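Protein chains in written order, with the numbering used here: chain A, 1 to 293; chain F, 1001 to 1295.
Beta carbons are placed, not taken as given, at the ideal position from N, Cα and C, and that holds for glycine.
Being a predicted model, the structure only gives us computed values, none of them experimental.
Reading through the structure tokens given below for one structure.
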């Protein structure tokens, strides 16, 4: 009985595990391997260069820049969609029939591709007819207008703002799901005890939303680390690499400059950062489980 | 005495009425604020929709952000004819549907096995299979490019189908393992005693029960794969294998292409996921909110 069960288990797992190994795990190790080479992407030959790529990275201005931008993006991802999503969720939780329509419209951007999101936001930032500059001119702030995506000091922030617009809906949906798990008796009890709405939000609801917050933040951080589509659409990392993040740098080094060895090295760093995030996430999750037991 | 008591009740009633009025007023204020906020929040979406319906003459005269004087479908015609949207949409379907089906089939197999046919080390295998959920695709992009290039599959739709199916395994395994774990093992044992083998149990007993979970995964996977842009950029070059998102992005490079056409193409590209959003919202949300509620 057990034996036949094991045979079935093996048969069922054979395809998915093989596929996963070939598409995800093998390439992951392969990236490590190529990070020690000077492969250019098309020739058959390449040679081992030891730690050269890693040494080069330490003095590479573009790498430093990509790391800084990735950190900026990650911090923005932790703060902005989380705050916006929480406020929207609190405003829309248990607010009558109308709130269903509002919820749907607020999270509609999630189902749009980042390519479409990027496209629309290009028109918002466009210097001549773009929405922002038109509004600024309309209220007489002409000297505030600028070519938002073409200036190194605003390009990254502009892309992050567009990205946040989409991510906020996602955070809202997750917080709303978290709010349904907050027993109404608890908030009512706190209000009978004399707490006003804000006090019960702060001391009762927000602490109970901890599991939802962990998911929101983890998702936002992971999504920020992979963000490439919207950046490619809006600035391609420019102008002058001012909006490059690590994901964009892997692409640039590998598929624009044909330095796949060095590109792999950057990919390895990206993986290491992801590992740190995963570790923190699972620690938090485990902390929660202990809390609830 | 009775007078006093009735006076107290009327007072209490008045208080309650006052409180209700106050609650109603704050609700009205909340919705006024929310409506304004929603209007601003929706401007990008409304903008692209209206632009797609304007004539190009009007766009070049007044830009993108004005209300249209008249509505026309010319841009959609242009997107389909000059923009080549038709074949791009078909390519996207050719990638999305097989990749979606494959990843869910893999998820059913691994999820069921890990939940109902456990063995030594199956917990570790589960973590191993789910870990991929967190990997940025950029960390495997270069070796995959090399792999498909040497297999002669560069510039075909195959790499995208295969990679999406593989990258879908973590989420599908996670959702379905958790689902199958909630089904009583007694059901499986009863079927086995009745003479069914494992594959019959899976197909005839377990699969029908898991339809809601499959719907959750189908909506999620379809949306993600349809909206993807990275893999087409890495694996394709020719126009014949271009997906709709890549097609839309490449329109941007051609300055001769009017904004109206771009807008129409963006709407066409979004229709499938918008339909999912409208008709399967419940499943889509359930997928997005996985793991955010304890227990």
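If you drop the 5 nearest sequence neighbours on each side, which residues of the same chain put their C-beta closer than 8 Å to that of residue i?
i                      : result
residue 108 (chain A)  : 169
residue 1173 (chain F) : 1106, 1107, 1110, 1111, 1114, 1126, 1129 and 1130
residue 266 (chain A)  : 57, 63, 66, 246, 249, 250 and 253
residue 281 (chain A)  : 214 and 218
residue 191 (chain A)  : 197 and 200
residue 76 (chain A)   : 160, 164 and 224
Does any C-beta atom of chain A lie closer than 7 Å to the C-beta of residue i?
i                      : result
residue 1163 (chain F) : yes
residue 1182 (chain F) : no
residue 1110 (chain F) : yes
residue 1264 (chain F) : no
residue 1270 (chain F) : yes
residue 1168 (chain F) : no
residue 1195 (chain F) : no
residue 1294 (chain F) : Only weak support is given to the placement of residue 1294 (chain F): the predicted model assigns it a pLDDT of 41, under 50, and the value that follows is read from those uncertain coordinates. Answer yes: the Cβ-Cβ gap between residue 1294 (chain F) and chain A drops below 7 Å somewhere.
residue 1063 (chain F) : yes
residue 1104 (chain F) : no
residue 1240 (chain F) : no
residue 1048 (chain F) : yes
residue 1261 (chain F) : no
residue 1289 (chain F) : yes
residue 1119 (chain F) : yes
residue 1227 (chain F) : yes
Hey, quick one: how far does the alpha helix (DSSP H) through residue i stretch, first residue to last?
i                      : result
residue 14 (chain A)   : 2-20
residue 108 (chain A)  : Here residue 108 (chain A) belongs to no alpha helix (DSSP H), and DSSP marks it neither H nor E.
residue 1132 (chain F) : Taken as a continuous stretch (DSSP letters only), residue 1132 (chain F) belongs to no alpha helix (DSSP H), as it is neither H nor E.
residue 1231 (chain F) : 1230-1235
residue 1260 (chain F) : 1259-1279
residue 1178 (chain F) : 1158-1181
residue 1116 (chain F) : 1085-1116
residue 1216 (chain F) : 1211-1227
residue 1203 (chain F) : Here residue 1203 (chain F) belongs to no alpha helix (DSSP H), and DSSP marks it neither H nor E.
residue 1196 (chain F) : Careful: residue 1196 (chain F) lies outside any alpha helix (DSSP H) and carries neither H nor E.
Using a Cβ-Cβ cutoff of less than 6 Å, which residues in the same chain neighbour residue i once the five nearest sequence positions on both sides are dropped?
i                      : result
residue 36 (chain A)   : 48
residue 1072 (chain F) : 1055
residue 1042 (chain F) : none
residue 1258 (chain F) : 1056
Would residue i pass as an interface residue toward chain F - the criterion being a Cβ-Cβ separation below 7 Å?
i                     : result
residue 237 (chain A) : no
residue 119 (chain A) : yes
residue 146 (chain A) : no
residue 72 (chain A)  : no
residue 5 (chain A)   : yes
residue 103 (chain A) : no
residue 221 (chain A) : no
residue 83 (chain A)  : no
residue 138 (chain A) : no
residue 27 (chain A)  : yes
residue 20 (chain A)  : yes
I'd like the list of long-range same chain contacts for residue i, defined as Cβ closer than 7 Å, with 5 residues on each side in sequence excluded.
i                      : result
residue 133 (chain A)  : 127 and 145
residue 1294 (chain F) : Caution applies to residue 1294 (chain F), whose pLDDT of 41 falls short of 50 and renders its modelled position unreliable; the value that the coordinates give is listed next. Excluding positions up to five away in sequence, the list is empty.
Residue ranges of each alpha helix (DSSP H) within the stretch 120-202 of chain A, 4 or longer: If we require 4 residues or more, the alpha helix (DSSP H) runs fully inside the stretch 120-202 of chain A come out as 131-138, 155-180, 184-192 and 197-200.
Spell out a yes or no on whether the stretch 1204-1213 of chain F and the stretch 1056-1074 of chain F are touching, meaning 3 or more CB-CB pairs, one atom from each, closer than 8 Å. Counting Cβ pairs under 8 Å, fewer than three are found: no touch.
With a cut-off of 8 Å, do at least 3 Cβ pairs link the stretch 1159-1179 of chain F to the stretch 35-50 of chain A? Verdict: no, contact absent.
Assess contact between the stretch 87-106 of chain A and the stretch 239-247 of chain A, defined as three or more Cβ pairs (one per stretch) separated by less than 8 Å. Is contact present? No, the stretch 87-106 of chain A does not touch the stretch 239-247 of chain A.
Counting beta carbon pairs with one atom in the stretch 87-95 of chain A and one in the stretch 271-290 of chain A, are three or more of them shorter than 8 Å? Segments in contact, no.
Every unbroken alpha helix (DSSP H) inside the stretch 215-250 of chain A [4 residues or more]: The stretch 215-250 of chain A contains these whole alpha helix (DSSP H) runs: 229-234.
Report yes or no: do three or more beta-carbon pairs, one from the stretch 1259-1272 of chain F and one from the stretch 111-125 of chain A, lie closer than 8 Å? Touching, per the Cβ criterion.
Run through the stretch 53-98 of chain A for me and flag every whole alpha helix (DSSP H) of 4 or more residues, listed as ranges in chain order. If we require 4 residues or more, the alpha helix (DSSP H) runs fully inside the stretch 53-98 of chain A come out as 61-92.
At what residue ranges does the stretch 1001-1059 of chain F contain a whole run of the alpha helix (DSSP H), taking only runs of 4 or more? Counting only runs of 4 or more, we get 1002-1052.
Pair every Cβ in the stretch 1231-1246 of chain F with every Cβ in the stretch 1079-1098 of chain F, then say whether three or more of these pairs are closer than 8 Å. At 8 Å Cβ cutoff, the stretches touch.
Do the stretch 173-181 of chain A and the stretch 211-221 of chain A meet, that is, are 3 or more Cβ pairs less than 8 Å apart? Yes: the two stretches touch, three or more of their Cβ pairs being nearer than 8 Å.
Are there three or more Cβ pairs, one per stretch, closer than 8 Å when the stretch 1128-1148 of chain F is compared with the stretch 1199-1207 of chain F? Output reads no: the stretch 1199-1207 of chain F does not touch the stretch 1128-1148 of chain F.
Could you say if the stretch 1230-1241 of chain F and the stretch 1155-1163 of chain F meet the contact criterion of at least three C-beta pairs nearer than 8 Å? Judged by Cβ distances under 8 Å, the stretch 1230-1241 of chain F makes contact with the stretch 1155-1163 of chain F, as three or more pairs qualify.
Would you call the stretch 68-86 of chain A and the stretch 1016-1033 of chain F touching, i.e. three or more CB-CB distances under 8 Å? Contact annotation: the stretch 68-86 of chain A does not touch the stretch 1016-1033 of chain F, with fewer than three C-beta pairs closer than 8 Å.
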